[in-house]
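Worksheet for the structure shown next.
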Amino acid sequence: MQHAASSRQKIQWRSRGWLAAAVCLGVIATGCGSDEQRTVRLVTHGDWEMSSDVLEAFTSETGIAIEVLDGGSAAVLVNQAVLTAGNPVADVLFGIDNTLLSRALAADVCVPYTSPNLTAVSPGLVLDPEHRVTPIDYGDVCLNYDLLAFTDPPPPSGLIGIIDPAYRGMTVVQDPTLSSPGLAFMLTTIAEFGESGEYTWLDYWADLRANDVTVVSSWSTAYFDRFTGARSGGDLPIVVSYATSPAAEVLFATEPDTVASTASLTEDCFRQIEFAGILAGTPNESEAQALIDFMLGQAFQEAIAPNMFVYPARTGTALHPAFGTAPDPNATTMDPDMIDANRERWLAEWTDVVLR
Amino acid sequence: MTRTWRLVAGAIPLVFLLAFFVWPLGTVIATGLTTEDGSALGRVLGDSSLRGIAWFTLWQAAVSTVLTVVAALPAAYVFARYDFRGKAVARALTTVPFVLPTVVVGTAFLALIGPRGVLGTDLTGTVWAILAAHVFFNMAVVIRLVGGLWAHLDPKLEDAARTLGASKWRAFTQVTLPLLRPSIAAAASIVFLFSFTSFGTVMILGAPRLATLEVEIYRRAALFLDLPAAAVLAVVQLVGVVAALMLYGRYQERHAVEQALRPARETSRRPNTAGERLMVGATLGWTGLILATPPLVLVWRALTLRGGITLNAFTDLGAITSVDPASAVANSVGFAFAAMLVAVGIGLPAAVLVAARRGRVSRWFDTLLMLPLGTSAVTLGLGFLLALDTPIDLRSSWIIVPIAHALIAAPFVFRSTLPVLRSVQGRLREAAAVLGATPSRSWREVELPIASRAAAVGAALAFVVSLGEFGATMFLARPGAPTIPVAIFRLLGRPGLVNLGGALALSVILMVVTTIVVLAVERARPPGPAVF
């Protein structure tokens, strides 16, 4: 998520090494020269956001610096990890979600590690019994709408609501092949309508297309550029976003005491769990383990909601009042193996019905 | 040059091409044709939406080619037949769009006909945006290739036809056009090739609804990890690429032999009548409008994005947190230097060797070295991912990016130095030999100094090619190490004016650097036939 606000710790990729790198061109090596400082490299997706004082706390506690590498979208990130399994570009991977989990586990991307902090995590979030990945946060992908746009007609009632002609041309969704909330929303429709029967999920999407749904390539474009509720010049009052998005609008409002002017539908949501894992083949396994412990620690977990707008995996973590109460972490999700077995086919079918 | 040196000069590029071109590409083809589950071929060929993508790729490339030729022929004519003030500069400027990174072209058209574009109509996601970008990008090919031949055609042929009573139009269609046909076909096949394998512009202007095969190969491989299907698509695309290259090769050879050519300065003159001046002015105006509007709009949008003319988009680059522009610039420059060194290391020995020997081996070598330029960058990137994990896994090493760039850039070094070396090796070397120099001394003291200027031109071109490369880099860039084009693409996918401003500002920077290098190259280039 990209509710840009807090200053971000973005440790610069060491660019001064470049002249040296150009010189040692003939040498096939993954690094020319190394630092004395112990460093752990965290590769994550473009929506990663964490306050710098939290990351600095890790360095002052452990003496280990964190280098954050942007690996693009979550799917590209996991695919690259699969392709370079055993010879990783970083030590820790954060951003595998339950829709990509089976693929990462099947390719032995991560090595098992049972963090002592795992005992504080709700058992419903621990999807890998071998602990090759560790749950860090979870969130629900739901339809959001702009409260100010709906007095007449009333707010949409859910998935079925937005195919009503009264809501024609009002909804913006993300391309599920490119965006993880987009994928989550597509999976919601599959869970809801199924693949067989009189009215399948593809019939639903055909109706949604007939009702002039707008498809964009990223969550941020959908939310900030097209959604009227973001108050940044959008034109569509219904968007696929997170259950926490209305809280974010309050938290980052310029006026104090703002009340939420957007709302999230609580029905028809998709549960996304995000995991971190230690990449197989890392030379810095103990540093990587320290980082996993830290990510499940109190300080990091408390910073998750205000930075990344999802709920912390650790039970009993204090939550800013704007977020209300976190949904039950043990709610059932679609089986990752089922997602993995069908994802490509579903995406191809979706593309056919919605885009072509 | 001794036999040993010749062997070394041949071995370096040969080993490089075998390891980083033939092997990866062979792996793609093998994967595409013999997939493990044996079903990818049938799955892809039986998929109606993929057939739709293949058909779209084909027809948009064909339409782009026709539009480009039609739009560029008047300018080719005017540059060939008329002299006017500032002609050299004007001709150099027409080349600039062709060398602009595709991501910059996409961003410029986004500023023109995008959702917040200055024209106010959003054409993104329609074929019109893609066609317009392709015409803009490729006009230089037609102006250069067709205009280049046209300038050397004897105007007396057309005059004779006129004297014999043919109308102007008839003289053009029955005399000039048939003589120009080989160069038009050669130019058209290159335009077709670039439109057929278009990636960056389609990613930016066509998404999410429109996709070329090149985009679909990327989606299948990078997003779905469906490498067999990506490989099948790459093979399908290669068929089209090879067809276009063969057409080009055929017409290249023909246009090299058939005609008695005149020096360009004898065939061009100043426009005499008011009608001619009007025609020259109108043609230059029309061409300038097509070629100058997108870059100027890009600069204008970068300066005025947040109202008033400010440099905010540039000064705010440091404040962008989602992508780090400073490290993208550092990465790009580092990769470009490394790629340039490798490209010179490959292209220069190859040029020396091919210039020294004529014959079939030399021609094969020439073709092999030029092939990576015609191969789609995304296919190369895919090949690197599929093949370069043994014996050393290079896939997670940074070095893979400059190697891919060098592969695409080496032909520029090769082609810039080859004609010069060829001309040197005839008379000059004989003269040196007559004066008593040994072959190695004449190489060191005569050929090398002359060739080094040409090599510098090639190196500069290699540098900008690497700076702008997008297709292969999207596959190969390591997490945390984006290049400028990758950073521009990521910024375009992010919300808000700061990110859009950052994409525009980086595009302007890349455009300015590219333009400066290309104009400098135009000045420094030794006289003679220019291929690029």
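Chains as they are written, first to last, in our numbering: chain P, 1 to 356; chain Z, 1001 to 1532.
Even glycine gets a Cβ: it sits at the ideal position worked out from N, Cα and C.
Contact with chain Z by residue i, beta-carbon distance below 8 Å
{"i": "LEU355/P", "result": "yes"}
{"i": "SER218/P", "result": "yes"}
{"i": "ASP164/P", "result": "no"}
{"i": "ARG168/P", "result": "no"}
{"i": "ARG231/P", "result": "no"}
{"i": "GLN80/P", "result": "yes"}
{"i": "PHE90/P", "result": "The sequence shown places Ala at residue 90/P, not Phe. Chain Z contact via Cβ: present."}
{"i": "LEU347/P", "result": "yes"}
{"i": "GLY277/P", "result": "no"}
{"i": "VAL215/P", "result": "yes"}
{"i": "PHE224/P", "result": "yes"}
{"i": "ASP146/P", "result": "no"}
Spatial neighbours of residue i in its chain, beta-carbon cut-off 7 Å, leaving aside the 5 residues before and after
{"i": "ALA1404/Z", "result": "LEU1380, GLY1381, PHE1384, ALA1472, LEU1476"}
{"i": "THR1031/Z", "result": "LEU1227, PRO1228, ALA1231, LEU1386"}
{"i": "PRO1325/Z", "result": "LEU1317, ALA1487, GLY1502, LEU1506"}
{"i": "VAL1063/Z", "result": "LEU1131"}
{"i": "TRP350/P", "result": "PRO176, MET186, TRP205"}
Short CB-CB distance (under 8 Å) between residue i and chain P
{"i": "ASP1159/Z", "result": "no"}
{"i": "ALA1185/Z", "result": "no"}
{"i": "ARG1363/Z", "result": "no"}
{"i": "LEU1223/Z", "result": "yes"}
{"i": "PRO1263/Z", "result": "no"}
{"i": "GLY1458/Z", "result": "no"}
{"i": "LEU1141/Z", "result": "Residue 1141/Z is actually Val in this sequence, not Leu. It does not; no Cβ of chain P falls within 8 Å."}
{"i": "ASP1393/Z", "result": "yes"}
{"i": "VAL1232/Z", "result": "no"}
{"i": "ASP1316/Z", "result": "no"}
Beta-carbon gap between residue i and residue j smaller than 8 Å
{"i": "LEU1492/Z", "j": "THR1124/Z", "result": "no"}
{"i": "GLY1468/Z", "j": "PRO1485/Z", "result": "yes"}
{"i": "ASN117/P", "j": "GLY297/P", "result": "yes"}
{"i": "THR244/P", "j": "GLY71/P", "result": "no"}
{"i": "ALA57/P", "j": "VAL78/P", "result": "no"}
{"i": "THR1375/Z", "j": "THR1212/Z", "result": "no"}
{"i": "VAL1424/Z", "j": "ILE1399/Z", "result": "no"}
{"i": "VAL1105/Z", "j": "PHE1136/Z", "result": "yes"}
{"i": "ALA318/P", "j": "GLU302/P", "result": "yes"}
{"i": "PRO176/P", "j": "LEU42/P", "result": "no"}
{"i": "PHE1196/Z", "j": "ALA1244/Z", "result": "yes"}
{"i": "ALA1406/Z", "j": "VAL1354/Z", "result": "no"}
{"i": "LEU1131/Z", "j": "GLN1237/Z", "result": "no"}
{"i": "ARG1533/Z", "j": "THR84/P", "result": "No answer is possible for residue 1533/Z: it lies beyond the span of chain Z, which begins at 1001 and ends at 1532."}
{"i": "PRO1349/Z", "j": "LEU1373/Z", "result": "no"}
{"i": "LEU125/P", "j": "LEU101/P", "result": "no"}
{"i": "VAL215/P", "j": "VAL354/P", "result": "yes"}
{"i": "VAL1235/Z", "j": "VAL1215/Z", "result": "no"}
Per-residue burial, residue i [other beta carbons within 10 Å of its own, 16 or more giving buried]
{"i": "HIS3/P", "result": "Bear in mind that a pLDDT of 43 at HIS3/P, under 50, signals an unreliable position, so the model cannot answer this."}
{"i": "MET338/P", "result": "exposed"}
{"i": "TYR1248/Z", "result": "buried"}
{"i": "PRO1178/Z", "result": "exposed"}
{"i": "LEU1018/Z", "result": "exposed"}
{"i": "ASP1159/Z", "result": "exposed"}
{"i": "THR331/P", "result": "What sits at residue 331/P in the sequence shown is Ala, not Thr. The residue in question, ALA331/P, is exposed, as its Cβ has fewer than 16 Cβ neighbours within 10 Å."}
{"i": "GLU195/P", "result": "exposed"}
{"i": "CYS142/P", "result": "buried"}
{"i": "ALA1319/Z", "result": "exposed"}
{"i": "TYR362/P", "result": "Summary: the structure shown does not reach residue 362/P, with chain P confined to residues 1 through 356, and so no result is reported for it."}
{"i": "VAL1008/Z", "result": "exposed"}
Close-in-space but distant-in-sequence residues of the same chain around residue i (CB under 8 Å, 5 per side omitted)
{"i": "SER34/P", "result": "Note on SER34/P: pLDDT 45, under 50, position unreliable in the model; the coordinate value appears next. Excluding residues within five positions, none has a Cβ falling inside 8 Å."}
{"i": "ALA1222/Z", "result": "MET1474, PHE1475"}
{"i": "LEU1067/Z", "result": "LEU1131, HIS1134, VAL1135"}
Proximal residues to residue i (C-beta, below 6 Å), its chain only, five neighbours per side dropped
{"i": "PHE1463/Z", "result": "ALA1336, MET1340"}
{"i": "ALA22/P", "result": "Because the pLDDT of ALA22/P is 41, which lies under 50, any placement of that residue in the model is unreliable, and the number read from its coordinates should be weighed accordingly. Nothing listed; no residue qualifies."}
Discussion item. Could you tell me which whole alpha helix (DSSP H) segments of length 4 or greater appear in the segment 44–70 of chain P?
Written reply: 52–62, all fully within the segment 44–70 of chain P.
Practice prompt. Can you check the segment 1235–1311 of chain Z for any alpha helix (DSSP H) of at least 4 residues that lies completely inside it and give the ranges in chain order?
Written response: 1264–1267, 1274–1304, all fully within the segment 1235–1311 of chain Z.
Practice prompt. Pick out the complete beta strand (DSSP E) segments inside the segment 139–174 of chain P, 3 residues or longer, and give them in chain order.
Written response: Runs found: 171–174.
Worksheet entry | Those runs of the alpha helix (DSSP H) which lie wholly inside the segment 1005–1071 of chain Z and span at least 4 residues | Taken in chain order, the unbroken stretches of alpha helix (DSSP H) that lie wholly in the segment 1005–1071 of chain Z and span 4 residues or more are 1023–1033, 1040–1045.
Worksheet item: At what residue ranges does the segment 1129–1217 of chain Z contain a whole run of the alpha helix (DSSP H), taking only runs of 4 or more?
Response: The DSSP assignment places complete alpha helix (DSSP H) segments of no fewer than 4 residues inside the segment 1129–1217 of chain Z at 1155–1163, 1168–1171, 1177–1196, 1200–1205, in order along the chain.
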